[in-house]
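Visitor: One structure, pasted below without further comment.
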Amino acid sequence: MAKVDDFIVRQAGRDRKPGDLLRRGLKLTHIRLIAALADKHQISAAAADLHITQPAASRMLADIEKILEVKLHERHSKGVSLTNYGLAMAQRASKILMELTNIDREIDELKSGVGGVVNIGAVTGPAIGCVIPAIKKARIRYPNISINVQMETSPTLVQELLASRHDFVIARIPGDMNPQLFDVHFMGEETLNILVRQGHPLLRKDHVTLEELRNYDWVLQPEGNLLRRAVNNMFIKFGVPMPDKILNTSSILLTSVMVRQTNAISVAASEIAEFFMDENGMEGVIQTLNIAEKMHIEPYNLLNLRHQTLSPAAQILYAYIRDETAGENQGVWETR
-8 MAKVDDFIVR QAGRDRKPGD LLRRGLKLTH IRLIAALADK HQISAAAADL HITQPAASRM
52 LADIEKILEV KLHERHSKGV SLTNYGLAMA QRASKILMEL TNIDREIDEL KSGVGGVVNI
112 GAVTGPAIGC VIPAIKKARI RYPNISINVQ METSPTLVQE LLASRHDFVI ARIPGDMNPQ
172 LFDVHFMGEE TLNILVRQGH PLLRKDHVTL EELRNYDWVL QPEGNLLRRA VNNMFIKFGV
232 PMPDKILNTS SILLTSVMVR QTNAISVAAS EIAEFFMDEN GMEGVIQTLN IAEKMHIEPY
292 NLLNLRHQTL SPAAQILYAY IRDETAGENQ GVWETR
């Protein structure tokens, strides 16, 4: 019986023509609701996004399921989860809404010359090393482009990209994510540096051991963070116990203040360390320690959604960012 039902469903799908969903009543508000539900996981929150009541959203959801002839959601104690059908529709819905946003942006850009809005995300190191120099160059030639930058962890940035809230991001693809969802351009590996204040006692030494490092207070990213794992692995590799006193924070500002005002030690990407030491940055108020073991973390990439065309303004900034690493990454491959 199940095989007969499957055959009927497949045959019905073949008989339908393009545009059937529109003729059967699918509307833009339906698409917006599914996208909001995938993001919020609550009918009430999704309804608020659409400025409608919760009962109206529930009725609309029932209408969508009737049009599609499948169950899109399941209710549970913590809210709503989408079925496989719902997830498939939500992914398409996000792309449709992003394309509509792009149409609006491109029309505005054509009206005003080269302008428009670009939304990007980046992990901290390349944000300083690549994004800021690219923005400075883009602003000289294209002053009408408005740029929004989010600095976050890779998992958050990739989710924001999948939700079509960013044009592209500089991040690492999470291990549980299918890389085929993205166009990937390799940007580079990230080297970590040990940070201390100017005048720190350990700066008097030519080389510093891990045993000496662990005797000081540390300021580190929370457990599970990529930088924190790199520090943990360094101590584990050489059989040295982790420092006893660790302040956990994801704030770069708090980290820099603690390192600047105390003998605490921290770790940061080389781009951040260079900013602290550069005369155009913080003029050396924070220095790096010379240790025998260099720490590296996995490479980061320039990511945008596959099969999605960037707006003219986004293409301009994308090209400037790629140019920032063109010299050092010659010969590397990319996937498209």
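The working numbering puts the sequence shown at residues -8 to 327. C-beta atoms are modelled at their ideal positions from N, C-alpha and C, and glycine is treated no differently.
#1: Could you tell me the alpha carbon to alpha carbon distance between alanine 36 and glutamate 151, rounded to whole angstroms?
#2: Would you tell me roughly how many angstroms separate the C-alpha atoms of aspartate 331 and threonine 316, rounded to the nearest one?
#3: Could you tell me whether the Cβ atoms of valine 248 and leucine 183 are closer together than 8 Å?
#4: With DSSP run on the structure shown, which of helix, strand or coil describes glutamine 278?
#5: Can you give me the start and stop residues for the beta strand (DSSP E) that methionine 286 sits inside?
#6: Is it right to say aspartate 269 is buried, meaning 16 or more other beta carbons lie within 10 angstroms of its own, or is it exposed?
#7: Can you round the beta-carbon distance between isoleucine 256 and valine 149 to whole angstroms, since I take them to be within the 8 Å contact cut?
#8: Take every Cβ of the segment 108 to 128, pair it with every Cβ of the segment 53 to 61, and state whether three or more of those distances are shorter than 8 Å.
#9: Mind checking which residues open and close the alpha helix (DSSP H) that includes arginine 188?
#10: Assign leucine 63 to one of three DSSP states: helix, strand, or coil.
#11: Can you give me the Cβ contacts of glutamate 181 inside the same chain, cut-off strictly under 6 Å, excluding the 5 residues immediately before and after it?
#12: Rounded to whole angstroms, what is the Cα-Cα separation between glutamate 262 and valine 122?
#13: Quick check on the DSSP output: what are the complete alpha helix (DSSP H) runs of length 4 or more inside the segment 200 to 277, in order along the chain?
#14: Just verifying my parser: in three-state terms, what is the DSSP assignment at asparagine 135?
#15: Going by beta-carbon coordinates alone, are glutamine 278 and serine 241 separated by less than 8 Å?
#16: Check whether the Cβ atoms of valine 140 and alanine 118 sit closer than 8 Å, and answer yes or no.
#17: Quick check: the Cα distance between valine 0 and aspartate 11, rounded to an integer number of angstroms?
#18: So, under 8 Å CB-CB, aspartate 158 and leucine 301 are touching, yes? Tell me the CB distance rounded to an integer number of Å.
Guide: According to the data block:
#1: 18 Å
#2: This structure leaves residue 331 out entirely; the chain is present only between -8 and 327.
#3: no
#4: Strand, per DSSP.
#5: 286 to 296
#6: exposed
#7: That belief does not hold up - the Cβ atoms of isoleucine 256 and valine 149 are roughly 30 Å apart, past 8 Å.
#8: no
#9: Careful: arginine 188 lies outside any alpha helix (DSSP H), inside the beta strand (DSSP E) at 173 to 188.
#10: Coil, per DSSP.
#11: Gly116, Ala260, Ile288
#12: 11 Å
#13: Segments of the alpha helix (DSSP H) lying fully in the segment 200 to 277: 201 to 204, 217 to 228, 243 to 252, 261 to 268.
#14: It is coil, neither helix nor strand.
#15: no
#16: yes
#17: The predicted position of valine 0 is uncertain, since its pLDDT is 41 and thus under 50; no value can be drawn from it.
#18: With 8 Å as the limit, aspartate 158 and leucine 301 qualify as a contact, their Cβ atoms being about 6 Å apart.
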